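The block underneath contains the structure these notes are about, expressed in structure tokens.
Numbering (full-length UniProt numbering), first residue to last: 1 to 408.
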């Protein structure tokens, strides 16, 4: 197979290239790139794209990067295959090129900011910046007025036929079509979101905070119902969810008439209320209980703020085709290193943070550890033998494996 696309399908830029290949009915190989491990910054990938961003593209001995350049190459080189994505008329070609530039320079910067704030942040348990959303909704509204004016004259941006100018919008439209921003498109009759080429590519994702609660329930062998919340549509900010969690963040939790939010509070409730079920996650000794609570606080107040920044920079940003801020990574790697020295000292004295038995203090770390073990930051943990063993023990627990099955 001559054509290869390197990168994960979650990346909008990879989607853009794959959509073009599908339009042209071309066979290709999708080559995985472990972005969590930073493989996009290393050989052999860096030889394909010196900027260390996905996608990279190979067609025989030709190597390309930059998704919009790749789509143009495919459309021109394989013009006789599949669907025609280029106008034959030079003037129409020029009009298409205008709107390709509009997408890249005006639409995408706004769409990517909105996608991050109203789609990605809620999935990560982060707080959406309403000011950023409002600012970019206003910008998008004005931009879409220009689109509406254009689309009064033709069915598509480049004319009466679907072209690369339309296809390039597909990844952003895919994400935004499931959010409240859809109303900005649908309010303009010529602009209502169309079914484009990129479909059914967004798999289910669970918030780390939700995974934390699910892991707790799996440890206790408790039955539960996982109720879907459409974060893209902003359902976490509406009734009935907002009555369960007034801060509009997942998870919310119900046990009979009891309603709780905040994942760490929920895990403590489960551990105490169902102490006789499944695995025991609370020490019986009051002094050991106090030590466990110390490390629960350390995780929430010291560990989580550092690793959440690292996960955003080295896991999420590459998937969104955003540039990792190496200064932020370096700053937080240094903070994490110092913090792990404290963990190493503690874990020389006991197998787990709360003592020689696995407790809530350990479980609460699991979601962040899961993400970080697929990145270069893993080396900071493994450089400390007691910390490395502790991480391995946590992630090897059967209950954790069962929890991850729900994220697939």
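Backbone N, C-alpha and C define an ideal beta-carbon position, used for all residues, glycine too. As the structure is a computational prediction, the values presented were derived from the model and not from experiment.
According to the DSSP assignment, residue 3 belongs to the beta strand (DSSP E) that extends over 3–6.
C-alpha of residue 393 to C-alpha of residue 312: approximately 25 Å in a straight line. Distance between residue 40 and residue 390, taken at the CA atoms: about 28 Å. Distance from the CA atom of residue 292 to the CA atom of residue 356, rounded to whole angstroms, is 11 Å.
Between residue 318 and residue 208, the CB-CB gap reaches or exceeds 8 Å. Scanning the UniProt domain "GST C-terminal" (285–408) from its first residue to its last, the whole alpha helix (DSSP H) runs of 4-plus residues come out as 286–298, 304–311, 326–347, 360–363, 366–372, 378–382, 385–395 and 398–405. For residue 178, the closest alpha carbon among the candidates 131, 271 and 118 is that of 118.
If you look at residue 214, you'll find it in the alpha helix (DSSP H) that goes 208–219. Nearest to residue 233 by C-alpha distance, out of 120, 66 and 5, is 120. When the Cα atoms are used, residue 224 and residue 252 turn out to be separated by approximately 13 Å. Rounded to whole angstroms, residue 281 and residue 275 show a C-alpha spacing of 8 Å.
Looking only at 110, 138, 371 and 148, the smallest Cα-Cα distance to residue 307 is reached by 371. Between residue 81 and residue 152, the CB-CB gap reaches or exceeds 8 Å.
Listed in chain order, the beta strand (DSSP E) runs fully inside the stretch 53–78 are 56–59 and 62–65, counting runs of at least 3 residues.
Taking 3 residues as the shortest admissible run, the stretch 232–286 contains the following complete beta strand (DSSP E) segments, listed from N- to C-terminal end: 252–255 and 258–261. Proximity of the stretch 139–159 to the stretch 167–186 meets the contact definition, three or more beta-carbon pairs being nearer than 8 Å. In the three-state reduction of the DSSP assignment, residue 124 falls in the coil class. Apart from the 5 residues on each side of it in sequence, residue 70 sits with its Cβ closer than 6 Å to the Cβ of 17, 57 and 64 in its chain, given in chain order. By alpha-carbon distance to residue 360, the top candidate from 265, 110, 188 and 156 is 265. Contact annotation: the stretch 144–159 touches the stretch 95–112, with at least three C-beta pairs closer than 8 Å. A residue is called buried once 16 or more other Cβ atoms fall within 10 Å of its Cβ, and residue 168 is buried on that count. By the criterion of at least three beta-carbon pairs nearer than 8 Å, the stretch 238–258 is not in contact with the stretch 330–350.
Counted as a single uninterrupted DSSP element, the beta strand (DSSP E) harbouring residue 30 occupies residues 29–31.
Remark: C-beta atoms of residue 299 and residue 382 do not approach each other more closely than 8 Å. Cβ contact annotation for residue 2 (same chain, cutoff 7 Å, sequence separation greater than five): 59 and 60, in chain order. For residue 277, the closest C-alpha among the options 285, 221, 324 and 254 is that of 221.
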